[in-house]
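Novice:
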DNA sequence: TATTGTTATACTCTATAACTATA
DNA sequence: TATAGTTATAGAGTATAACAATA
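Protein chains in written order, with this note's numbering: chain A, 1 to 164; chain B, 1001 to 1164.
1) Considering only the alpha carbon of each residue, which of A/11, A/78, A/65 and A/100 lies closest to residue 1028 of chain B?
2) Out of curiosity, what's the CA-to-CA distance linking residue 1060 of chain B and residue 1050 of chain B?
3) Tell me, please, whether the CB atom of residue 1018 of chain B is closer than 8 angstroms to any CB atom in chain A?
4) Shorter than 8 angstroms from the beta carbon of residue 133 of chain A to some beta carbon of chain B?
5) How long is the line joining the alpha carbons of residue 964 of chain B and residue 1045 of chain B, rounded to whole angstroms?
6) Nearest-angstrom Cα distance between residue 1128 of chain B and residue 1075 of chain B?
7) Under 8 angstroms, do residue 1162 of chain B and residue 1105 of chain B count as touching if we go by C-beta distance?
8) Could you say which of B/1089, B/1159, B/1141 and B/1149 lies nearest to residue 1053 of chain B if we only look at CA atoms?
9) Quick check on residue 1171 of chain B: does DSSP put it in helix, strand or coil?
10) With DSSP as the reference, please indicate the residues paired to residue 248 of chain A in a beta bridge.
11) In chain B, what lies closer than 8 angstroms to residue 151 of chain A by C-beta?
12) I'd like to know if residue 1154 of chain B contacts chain A, where contact means its C-beta is closer than 8 angstroms to some C-beta of that chain.
13) Under a CB-based cut-off of 8 angstroms, is residue 1003 of chain B close to chain A?
14) Helix, strand or coil for residue 145 of chain A, going by three-state DSSP, please let me know.
15) With C-beta atoms as the reference, is residue 1109 of chain B less than 8 angstroms away from residue 1120 of chain B?
16) Taking beta-carbon pairs under 8 angstroms, can you tell me which members of the segment 1069-1094 of chain B lie near chain A?
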C-alpha cells in the first residue's frame, strides 16, 4: 500500500486507463470541444491514480473520503456523512461497516437520541487516516504535476466557479 | 427530450446532485484542498446536466458519445470504438445494439474481413445525431455558463495539460 | 406519525471467460 | 492458432423499499 520513495508516482503510470483524444485512429468530433469530456478524462486519471496508491487494500476513493470526513468531523451522524458524500444511507452504512470491520471507526450511540450514532475514529483509525492522507496527496500531486503553482491555483479557481 | 426554448437549462437545476463543499454542517478537511475532488464535483454536475437533457429517452452520456463517435468515424470497427471510449468489447456491443435497435446505426460486414463490421449511421441516425449534438452543447454550455470566454479557454488548456 | 439506521432486494454497469465465425 | 464480435455469467456499486427501534 505504501509507495516506495524511489519510484515516484506519475500520471504516466495510469495514462492507459483513459482514452486519449489526440493520438488514436478515431476522431472524437464534437467531443473534442466539450469541457465536460475533458473533465471526465481528468477525472478518470485522478481516480486511477487513487486506485493505484490504494492497491489491493480494499480501500476505494469513496471509502477513503468517508474516513477523512469522519476524521475531520468526529461524532457526525451517518445521515450527515451520507449527505456530505452524496450517498444513500444504505451506502453510507456499508462504507462505515468497512472501516468498523478494520477497527478504524466506532459507532457510539448518541446519548440524547438513541436512534442515531456518532461516528468516531479509533486509535488505529487515526493512524490509518495519517497514512491515507499521504497517499491521497501523492495521487493528487501526480495528477497535477505538469502544472505550475500558478496554473494549479487558476485551475482550482475555475473549477470552483463550476462546483461551488 | 427537447429542452424548451423558454426555460433555459442551468447548472442550478442539478446543483443538488453534487455535494457542496462550502455550505453544509460538515467540514471536508483535506478533501477541500484536493484538485481531484474538485474535478469529481465538476464531473458529477456535467454528468447530471447530460442526464437532464436526455431525460427518460434511455440515452446516456456513454451512448451519446458512442453515436457521436460513429457519426464522426463512419465505418469504424467495434473494437476501435470500444478502445476510443475506454470500453470492453462487450460493452461496446451493447451500446451499438442500443442504437441499432433504434434504427440509428447499421452494422455492415467488412468486405475484406468478414469477421468484423463497419458501423455506419442510418438516415435516422444522422437526424438523431443532430439533435443530440444540440443537447450536448446545451448541457456543456450550462456547465461553464459562469466562466468568461477567456476563463473557459484557460480551463480547457489546463485540463488538457492533465489528460493529454 | 416521523426519523435513524439496517437489511433485503433489484437494477445498472462493467468486465472476464467461453463460444462462433472467420482468418 | 489468432482475431472480431457475441453471449453467458459474475461482481461491484448503488438505490429503493421494508423493517426495527426510538422519538
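We put the CB at the ideal spot given by N, CA and C, even for glycine.
Specialist: Once the coordinates are examined:
1) A/65
2) The alpha-carbon of residue 1060 of chain B is positioned some 8 angstroms away from that of residue 1050 of chain B.
3) Yes, because at least one Cβ of chain A sits closer than 8 angstroms to the Cβ of residue 1018 of chain B.
4) yes
5) No answer is possible for residue 964 of chain B: it lies beyond the span of chain B, which begins at 1001 and ends at 1164.
6) 18 angstroms
7) Taking C-beta atoms as the reference points, residue 1162 of chain B and residue 1105 of chain B fail to come closer than 8 angstroms.
8) B/1141
9) Because chain B here runs from 1001 to 1164, residue 1171 of chain B falls outside it and cannot be looked at.
10) No statement about residue 248 of chain A is possible, as the shown extent of chain A runs from 1 to 164 and does not include it.
11) 1158 and 1161
12) yes
13) For residue 1003 of chain B, the predicted structure reports a pLDDT of 47, less than 50, and the residue's modelled location is therefore unreliable. A value from the coordinates is still provided. Not closer than 8 angstroms to any Cβ of chain A, the Cβ of residue 1003 of chain B fails to qualify, so no.
14) coil
15) no
16) 1069, 1071, 1072, 1073, 1076, 1080, 1081, 1083, 1084, 1085 and 1086
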